[in-house]
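Chains as they are written, first to last, in UniProt numbering: chain D, 1 to 356; chain U, 1 to 328; chain L, 1 to 362.
Ideal Cβ positions, reconstructed from N, Cα and C, are used throughout, including at glycine.
Shown next, in structure tokens, is the structure this report addresses.
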């Protein structure tokens, strides 16, 4: 791939496997979870890349690989021209200033025993940037920026509601003026009426501070709303990657089609009009992913070819540049998948751990 | 499940709440726990009992002087019948005497010193050791964890009474030895629980948040892990004290604890086995002291746990309240 | 006679922090074969009200009436209630793992439940029925899966097993409390599809509790919106989505990104949900309401008809709000009506003036 000054993060064929170990004293590896299995993505400065997929598709693992929380098994991640995938410990410290994360659980991501001021001020302490009165001043500025009352500096997380706690998490992430913020399901734990507050805040901050976001969620309409480009993940791989509107208006991968048709719509008429593609079975185990195209056991369009040959993520005929699909038989906009059935018998999809 | 939901609901501050000066200083989890503890009557009675016991133990020499008998003084004149039997409670010996004519009240008061000292010191040592070992095992994982966790398993599978008796036979019974034995056999169970807690805390997102900010492991351990251990460890500690006190008494009773001449509750009980058929008070008084002490610590321990973990308290309160039914 | 008629149900819990008023007077009816959706955020009292009907809120102070086929569920003894639970009314929870016993085989749990309520069924028959039920809810190879333990099932399959269990005794009413919240979109679609099909087949009534307006749009006939322990709006599905009257309902609909992908700024509801111990005076929603008027702060509005049907007030669409009944809908005309009412109803020095513009700040 070409190096582009516009590209902030270059994710190049990244793998992340988790070993499953068994044994009481001597642990040996018995299997591997293929959480992220060869993902390539480019994230441009100032844009929001959404990643959608169902649980177990590897989207959260990918997020943690980008932030350096998980050392990757293979491939390379280049951030701002620097390969960070082989860095360890102290070398990573400057990178940690530039990349921050916002977590899903506003209850779990804040230490309940510490005051809010200390939590938001942590980054200043860790990187030795500010202390004492200066730190307090900066923390209060951050609190104001995210819409919290700066006078609540000395309160504990338990005294805030879910939406306010998520704002605390956002303030902490902003403290070091990062270039990239990875948001892992930032609103899915919040009440509906609060979600919009947080989404608007994130958008305002992006405009004001020129942030780049990786936005991970399972809620398709939220991702559509915030993202410029969207990647759909299935079992550790990217199934489709395109400009947001292009993807939602003209989905090519059968999985994307199914996912879009399954999303609930808060509009009774639209809900009645649309035809649901109900997939058979569950997502297979990432321990032994299916051969060929990983979606083939559930795919209504699967053919012999799909079992053996893994499709590449490339631009397919008739698609706009930058609309990449990993499918041998991409869906035509005119075609209705809801009337078809899986052509290939589905094998067992249940995760079976090898016994000791 | 509805109750945990309710708790989340109840903890949401009122939306219209305005920052008045009093409210801005957030109440720490400890202040909240203390406020809850103060409402618990049984706990407050236990605290009073424990404080009285400690005062009594500290003032033991004064009490002895006031009563007029030293703990080792065998009163042949007023403390024994003509046949050499113990005398029951009377004007001279308020709680009677033992078979050597020694004053039971004074000995019990001195016994509190040993019991409380051994109970508290060995608990503190066990907790410190347990936290260090358990937290290191849980936090660092890998080989360190394997070695420390197995070491704790080995300790827990020792036959502790045999071990204590053997040590007492070898080195002679003494207070430091008792403390050593109790600590040795208590730290492992604390360590195991602490390790489990640390493993849980490690999975919480705020640890990940600290790591993604670039915090080192020492900082994470002291700022994020240990403060979250204080609540469970406080509960563990308050539950260990009564066990340690009973442990001490058991060892003394078996002659493997303190020197048999030292006035302790265990030694007094051991002594009483010779005389309780004719003198019930020799058995009853030290047993009552032991019971009251351990009961007070146990009730306090329970209350501390409830105060630190409001969820269980709420569930408990809900169970107590009866479902109101309409009758037609 | 309606299948279930709940009248003025009130539920509160006495905690050490004060009296939590979880439900403050809810009335609704469920007809045979119909679906009632109950929508609300955490703390709205949506789950507590139905759990109370089935005697699942231990320690609660309960008042009101809940007539199931004419019999008051709230006046029943535990024994009577146990007979109703499962046989007449079944419940499906959000987390199937907490409702399936981890140490018993799935099939055995279903069979046991059948035998508990129908003592003359023998073991072999019960097992056969368990296999049929598992097949009916779409579990592949039910003859083998019947001997699996719950942990061997995936999340979607567990929820199916729960549904199979709830259908085992052919209940007249199923209460589903966030049945798909823990599931992925494609699995959620499967489960909702299944529930709709089964409902049609067996003519079962369904109460669907959720925070997801999308799920309700798919399958509810009637919808009850709850806020702060009280219903704020009650309407048939279409009226609720296209002619919402209560500002809270309107706010919920406007705060979710639409399905059209328009990138216009979202309109969140400002502020935070209320504390159930310290409820706001008047209308519980007033501190967050952009149309707050003077009387909202002091007087609590009751549910009143807001639509017309053949020239008469439509009792099928009620809303608890002081705004004029014509001010329903998301269009500009309704917005004008609301603004006019607010201009009249709000004085400059009233307490309402200070809460205005809850907007996005808190």
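Residue pairing from DSSP leaves residue 179 of chain U without any beta-bridge partner. Residues of the segment 208-236 of chain U whose Cβ lies closer than 9 angstroms to any Cβ of chain D, in chain order: 208, 209, 210, 211, 212, 213, 214, 215, 216, 219, 223, 224, 227, 228, 230 and 231. Assigned with DSSP and collapsed to three states, residue 227 of chain L falls in strand. In the same chain as residue 75 of chain D, and ignoring 5 residues on each side of it, the C-beta atoms closer than 6 angstroms to its own belong to 12, 13, 14 and 15, in chain order.
Secondary structure note for residue 41 of chain L: it is in no beta strand (DSSP E), with a DSSP letter that is neither H nor E. Listed along the chain, the chain U residues whose CB falls inside 9 angstroms of the CB of residue 127 of chain D are 213 and 214. In the structure shown, the three-state DSSP call for residue 93 of chain D is helix.
If you keep only unbroken alpha helix (DSSP H) runs of at least 4 residues inside the segment 172-218 of chain D, you get 192-209. A distance below 6 angstroms between beta-carbons, with the five flanking residues on each side excluded, links residue 71 of chain U to the following residues of its chain, in chain order: 106, 107, 110 and 263. Residue 272 of chain L sits close to residue 161 of chain D, with the two beta carbons spaced by under 8 angstroms. Given a length threshold of 3 residues, the segment 167-225 of chain U has no whole run of the beta strand (DSSP E) inside it. The three-state secondary structure of residue 294 of chain U, taken from DSSP, is helix. Against chain U, the beta carbon of residue 101 of chain D has neighbours under 8 angstroms at 208, 209 and 212, listed in chain order. Residues of the segment 184-209 of chain U with a Cβ closer than 7 angstroms to any Cβ of chain D, in chain order: 204, 205, 206, 208 and 209.
The residue from D/262, D/264 and D/224 with its alpha-carbon nearest to that of residue 246 of chain D is D/224. With a 10 Å radius around the Cβ and a threshold of 16 neighbouring Cβ atoms, residue 159 of chain U comes out exposed.
With the rule of 3 Cβ pairs closer than 8 angstroms, the segment 216-224 of chain L counts as touching the segment 36-56 of chain L.
Sorting L/76, L/138, L/60 and L/199 by C-alpha distance to the C-alpha of residue 35 of chain L places L/199 at the top.
Counting of Cβ neighbours within 10 angstroms places residue 162 of chain U among the exposed residues, the total staying below 16.
When 8 angstroms is used as the limit between beta carbons, residue 108 of chain D is near these residues of chain U: 204, 205 and 206, in chain order. Remark: C-beta atoms of residue 304 of chain L and residue 232 of chain L do not approach each other more closely than 8 angstroms. Its Cα nearest to that of residue 81 of chain L, the residue L/56 stands out among L/235, L/56, L/9 and L/343. Under DSSP, residue 78 of chain D takes part in a beta bridge, and its partners are D/10 and D/83. Fewer than three beta-carbon pairs drawn from the segment 174-193 of chain U and the segment 272-283 of chain U are found closer than 8 angstroms, and the two stretches are therefore not classed as touching.
At a cut-off of 8 angstroms between beta carbons, residue 215 of chain L contacts chain D.
Listed in chain order, the non-local C-beta contacts of residue 9 of chain D below 6 angstroms within the same chain comprise 43 and 79, local neighbours out to five positions each way being set aside. DSSP places residue 78 of chain L in the uninterrupted alpha helix (DSSP H) bounded by 78-87. Using a Cβ-Cβ cut-off of 8 angstroms, residue 28 of chain U counts as an interface residue toward chain D, since at least one Cβ of chain D sits closer than that to its own. Here residue 244 of chain D is actually not in contact with residue 46 of chain D; their C-beta atoms are around 15 angstroms apart, not less than 8 angstroms. Remark: C-beta atoms of residue 214 of chain D and residue 102 of chain D do not approach each other more closely than 8 angstroms.
Rounded to the nearest whole angstrom, the C-alpha separation of residue 334 of chain L and residue 250 of chain L is 11 angstroms. When secondary structure is reduced to three states using DSSP, residue 233 of chain L falls in the strand class. Rounded to whole angstroms, the gap between the alpha carbons of residue 120 of chain U and residue 120 of chain D is 39 angstroms.
It is roughly 29 angstroms from the alpha-carbon of residue 15 of chain L to the alpha-carbon of residue 5 of chain L.
Between residue 121 of chain L and residue 134 of chain L, the gap from beta carbon to beta carbon reaches 8 angstroms or more.
At least one C-beta of chain D is nearer than 8 angstroms to the C-beta of residue 256 of chain L.
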